[in-house]
Structure formats: structure tokens, C-alpha cells
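The structure under discussion appears below in the form of C-alpha cells.
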Amino acid sequence: MTCIRPMRTTPGLALDRTCTLRLHPPAFTPARTSAKRQTMSRAVKEAPEQQNLAFATVDDGVWEEKYADQYGTLDFGASSAQGPRESMEDCAYVIPRARCGFLFAAVFDGHSGFAAAQYLSEQLYDSFSDAIDEGSYGPECSIDERESGGICCPVELRSLLTDSFRETDEKLLSWLQSSAAEDEKNAGATATIALARRDKIVVANVGDSRAVLSRRGQAVDLTTEHRVTGSGPTVEAEVHRVESVGGWIEDGRVCDVIAVSRAFGDAQFKGDGPKDMLQQGVSEEWWDQKFADSKQITGNLLEATPDVVEAPVQEDDEFLILATDGLWDVVTSHDAVTMARSDFKKRRSAQDIADRLTKVALQRRTEDNVSVVVVDLGGGKEGWSKPKQKNSERWKGVLGIGD
Numbered sequence: 001m002t003c004i005r006p007m008r009t010t011p012g013l014a015l016d017r018t019c020t021l022r023l024h025p026p027a028f029t030p031a032r033t034s035a036k037r038q039t040m041s042r043a044v045k046e047a048p049e050q051q052n053l054a055f056a057t058v059d060d061g062v063w064e065e066k067y068a069d070q071y072g073t074l075d076f077g078a079s080s081a082q083g084p085r086e087s088m089e090d091c092a093y094v095i096p097r098a099r100c101g102f103l104f105a106a107v108f109d110g111h112s113g114f115a116a117a118q119y120l121s122e123q124l125y126d127s128f129s130d131a132i133d134e135g136s137y138g139p140e141c142s143i144d145e146r147e148s149g150g151i152c153c154p155v156e157l158r159s160l161l162t163d164s165f166r167e168t169d170e171k172l173l174s175w176l177q178s179s180a181a182e183d184e185k186n187a188g189a190t191a192t193i194a195l196a197r198r199d200k201i202v203v204a205n206v207g208d209s210r211a212v213l214s215r216r217g218q219a220v221d222l223t224t225e226h227r228v229t230g231s232g233p234t235v236e237a238e239v240h241r242v243e244s245v246g247g248w249i250e251d252g253r254v255c256d257v258i259a260v261s262r263a264f265g266d267a268q269f270k271g272d273g274p275k276d277m278l279q280q281g282v283s284e285e286w287w288d289q290k291f292a293d294s295k296q297i298t299g300n301l302l303e304a305t306p307d308v309v310e311a312p313v314q315e316d317d318e319f320l321i322l323a324t325d326g327l328w329d330v331v332t333s334h335d336a337v338t339m340a341r342s343d344f345k346k347r348r349s350a351q352d353i354a355d356r357l358t359k360v361a362l363q364r365r366t367e368d369n370v371s372v373v374v375v376d377l378g379g380g381k382e383g384w385s386k387p388k389q390k391n392s393e394r395w396k397g398v399l400g401i402g403d
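According to full-length UniProt numbering, the sequence shown is numbered sequentially starting from 1.
Encoded structure:
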């Protein structure tokens, strides 16, 4: 099913979104079961399926006039596959010509259904764009520095993205309760987004998807994985936050249910949801009533506050890889960068590389859905052959990119 949705934006910018969606949303399984191991099919698909990909672009003429000379466009590739899971809950989303001259890329990893990931693919960029339109995050600027709507682009994006994530989560939770199918009202999703230009990279994430930068062949992780298993200051901080509001950690999971400590949605871990979750645990015989009564939850067990990294692009910054944990469970950051860099040197495009990384994850028998976005930053490539522009041709019709 192909869905085309007009996207809201500033005056003078016309966007279209094309997204491949499944006709039937996946069946909901109880929270504890879905957060634990899910049943896998034995047949591992050997090639990326290219489903649940979404793309959008602003009007070419407007973007080219304003940003092409200053920043140029970035080559990218996106790939997605269901893998051995019984349903597809990932989504990859790319806007190659986004606000303020950026390329906007995101990967969303849903759980307890696809509803939350799908919602984020349709709404998170809008929230970011709306925040720019409000003007409260941007400095004063000259007329020639303004976008076509008369807006000054923000210089610092940390607070804007943090507020956008939180506001989108509030709207998602409301939408899930009012409009989602009954079996997806507790759906949730992790998110990793990147804003990329030739001069700046901004990355924000909640959950365990990852963004990796190749800097002269060295893998630089730009994201923090929000988990409660393992060791180190990040894990300790997440565990402390959960326990400080009355939650507990068991078997590396929040309340012995979910493996991430930050996510969008997941109503049973926010607001009044934990009360229902505790009683569900009694009904399912996960624990007894005495245990449930002993827990006093005073705040959100999960949150959608992102970690945000802003960095200037250096001359030897080569490319970005964003991917859900279906890739990172079986491929290290170092190995992913090594494979991608080798392929770039062989004149393969960002699309070729996104496809290859997805296929490698499947061949290594990942137990999850996989979504990958590769963004070619164009730096540090003296002596490299120019890669073929495969993805520009592939997505031309979808994105409305002219010759």
C-alpha cells in the first residue's frame, strides 16, 4: 500500500511524502511477552525487502536557490527488511532537502506494534519544522539569511530537538489512546535522527538505535544507547533514574518487561500507565498482589528526552550510518564502517552500501527487523573514485528530484 501525504511546511515549500505501509498492522502481544523474545520464523530472508521506507523533499527550485551553493546536496541510501520477525515494526525516513539546508534522516524501531513508529515517521519532522516556524529558537538574522517564510534558522538545535521529542511523545500518547487500534495502544518506538549538512551534524536519539560517523576510517559512535543492562556511567544513570521513581530492574529490563529505558509511546510506563501495568502483572501471574502493592511509582519509568550531539563536520568526516539494533546486534560499528568505506572506494553508492549492510545483518542471522540509512558527507576522499549516483536515479520519481 502506497500512501502519499502532503506535509505541512513554511509558505513557498511544497513537500510530498511517499511511504510504503503494510495493509494490516501486526497483532499486539502482551507487553511482557512482546518485550521478551518474540517467536521467529526459521526462514531468514536473504535480501533487503525495501519496505517501510519514507521519503520527502521540498520544492527543488526553492531549496536549490537558497542552499545548493552553500551546502550542496548529500548522497544517501536507505534500506529496510523484516528479517525473521513475524511482523515489520521498523521504519526509515529521509528528507534529502529539509529545513535550513539539512538532510534529515531517521530510523524508528517499533515494539508492541507498528503504530508508534509509523506515527513518528509522519509527525516527528513536522514537530521539528513547526518549532523552527515558531521562531523562539532562532537568532536575529539578515534578510538574505532567512528562509522563504522569513524565518531565521536556529544556530543551536539541542533545546529545539529536545522540546520537539517531548512534545511529539505527548501527542503520540494521546493519539494512541484515542485513535490507535485496541491491540496497539501500548505501542512504542525508539528513534535516532540526524540532521546533516556539509558543515554540521546534529544527532538526537532515544533508545538503542545507533548513529555512527566514519572519520578517516575510524568509527565514532554519536549516540548513547539507553539500556539498563551492562555497566558504565550511562547504564548506571539510566538505572538510577528508573529506580528513583519507584521502578525496578530485573534481567536487564525495566520492570522485567522492556529492554530500553527511553522510548516514544509505551503508555504503560508513563503517567498512570504503571498502575495498570502492575495489575496486569498480577493477572498474568508475573508477580503477586503484595508485590504490586509495594511499588509506589512516582514518575515516568520511560522517557522520550533525547541525548543530542552537535558537531562541526571536519575535513576527514566521510559518511554517517544510522541503523536500528537489528544491524548493531550482529555488526559492530567498526565493522560497519570498514565495510562501507571499502565499498565507497569501489565506487559503490550510498544506496549500494545501505543495501549491503542490511543484507549482512540478515546473513548473520539477526533476530530483529533491520533499517539502515547511509549518508555520504563527501569529506576525506582525496584519491577516491567518484561513486556512481545510483540512489539519485533510484529515488528520482519518489523524491521529485529533477535531472
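Cβ coordinates follow ideal geometry from the N, Cα and C atoms, glycine included.
Between the C-alpha atoms of residue 161 and residue 132, what's the straight-line distance to the nearest angstrom?
Taking C-alpha positions only, residue 161 is separated from residue 132 by approximately 10 Å.
Neighbour flag for residue 174 against chain C, beta carbons, 9 Å
In the structure shown, chain C cannot be found, because there is only a single protein chain.
Under DSSP, the beta strand (DSSP E) around residue 111 begins and ends at which residues?
Looking at the DSSP string, the run of the beta strand (DSSP E) that includes residue 111 is 103-111.
Per DSSP, the bridge partner or partners of residue 366:
Per DSSP, none; premise fails for residue 366.
Kindly list the residues whose CB is nearer than 7 Å to the CB of residue 72, restricted to its own chain and excluding five residues on each side of it in sequence; keep chain order.
The residues are 198.
For residue 89, is the classification buried or exposed, using 16 other Cβ atoms within 10 angstroms of its Cβ as the cut-off for buried?
Flag for residue 89 reads buried.
Please state the DSSP three-state secondary structure of residue 233.
Residue state, collapsed to three classes: helix.
Please state whether DSSP places residue 215 in a helix, a strand or coil.
Here residue 215 sits in strand by DSSP.
Flag this pair as yes or no: are the beta carbons of residue 184 and residue 176 separated by less than 9 Å?
Result yes, Cβ atoms of residue 184 and residue 176 sit closer than 9 Å.
Would you kindly report the start and end of the unbroken beta strand (DSSP E) that includes residue 196?
Looking at the DSSP string, the run of the beta strand (DSSP E) that includes residue 196 is 188-196.
Residue span of the alpha helix (DSSP H) that contains residue 173, given as start and end
From DSSP, the alpha helix (DSSP H) with residue 173 extends over 158-179.
So which of 114, 105 and 101 has the shortest CA-CA distance to residue 86?
The residue with the shortest Cα to Cα distance from residue 86 is 114.
Which whole-angstrom value is the C-beta distance of residue 104 and residue 213, which I expect to be below 8 Å?
So it is not a contact: roughly 17 Å between Cβ atoms.
Can you confirm whether the segment 324-334 touches the segment 364-374 when touching is taken to mean that 3 or more C-beta pairs between the two stretches lie within less than 8 Å?
With the cut-off at 8 Å, the segment 364-374 and the segment 324-334 touch.
Where does residue 143 fall in DSSP's three states?
Residue placement at residue 143 is poorly supported in this model, since its pLDDT is 47, which falls under 50; the coordinates are not used for a value here.
Going along the chain, which residues of its own chain have a beta-carbon closer than 6 Å to the beta-carbon of residue 180, five neighbours each way excluded?
Only 115 meet the Cβ criterion.
Reference residue 188, options 158, 220 and 264, closest by Cα
Of the listed residues, the one whose Cα sits closest to residue 188 is 264.
Excluding the 5 residues flanking residue 215 on each side, which residues of the same chain have their C-beta closer than 8 Å to its C-beta?
The answer, listed in chain order, is 314, 316, 317, 318 and 380.
Are the segment 231-247 and the segment 343-350 in contact at 8 Å, needing three or more beta carbon pairs?
Result no; under three Cβ-Cβ pairs closer than 8 Å.
Give the range of the alpha helix (DSSP H) segment to which residue 273 is assigned.
Annotation: the continuous alpha helix (DSSP H) that includes residue 273 extends over 273-283.
Cα-Cα separation between residue 283 and residue 299, rounded to whole angstroms
CA-CA distance, residue 283 to residue 299, rounds to 23 Å.
Considering only residues of the same chain and omitting the five flanking positions on each side of residue 67, which have a CB-CB separation below 6 Å?
Taken in chain order, the residues that qualify are 101.
Residue 260 and residue 322 - do their beta-carbons sit closer together than 9 Å?
Result no, Cβ atoms of residue 322 and residue 260 do not sit closer than 9 Å.
Cα-Cα, which of 167, 81, 307 and 303 is closest to residue 205?
Comparing alpha-carbon positions, the option among 167, 81, 307 and 303 lying closest to residue 205 turns out to be 307.
Among 83, 118, 109 and 75, which residue has its Cα nearest to the Cα of residue 404?
Given that the chain is displayed from residue 1 to residue 403, the structure contains no residue 404 and the question cannot be resolved.
Between which two residues does the beta strand (DSSP E) harbouring residue 207 extend?
No beta strand (DSSP E) contains residue 207, which DSSP labels as neither H nor E.
Which residues DSSP lists as bridging residue 308, in chain order
Bridge pairing for residue 308: 204 [DSSP].
Please report the residue range of the beta strand (DSSP E) in which residue 79 lies.
Counting along the chain, the beta strand (DSSP E) containing residue 79 begins and ends at 75-81.
Collapsed DSSP secondary structure at residue 352 in the structure displayed:
Assignment of residue 352 by DSSP, reduced to helix, strand and coil, places it in the helix class.
Top-ranked residue by Cα proximity to residue 363, from 81, 137, 239 and 310
Residue nearest to residue 363 within the set 81, 137, 239 and 310 is 81 (criterion: CA-CA distance).
Under the three-state DSSP convention, the category residue 319 falls into
Per DSSP, reduced to three states, the secondary structure at residue 319 is strand.
In angstroms, rounded to a whole number, what distance separates the CA positions of residue 294 and residue 211?
Using only the alpha carbons, I get a separation of about 39 Å.
With residue 115 as the anchor, note down where its beta strand (DSSP E) starts and where it stops.
That residue, residue 115, is in no beta strand (DSSP E); its alpha helix (DSSP H) goes 115-134.
Spatially closest choice to residue 360 from 309, 331 and 377, by CA coordinates:
Of the residues 309, 331 and 377, the one whose Cα lies closest to the Cα of residue 360 is 331.
Outcome for residue 290 when other beta-carbon atoms lying within 10 angstroms are tallied against a minimum of 16:
Exposed, by the Cβ-count rule.
Straight-line CA distance for residue 164 to residue 226?
Taking the straight line from one Cα to the other gives about 19 Å.
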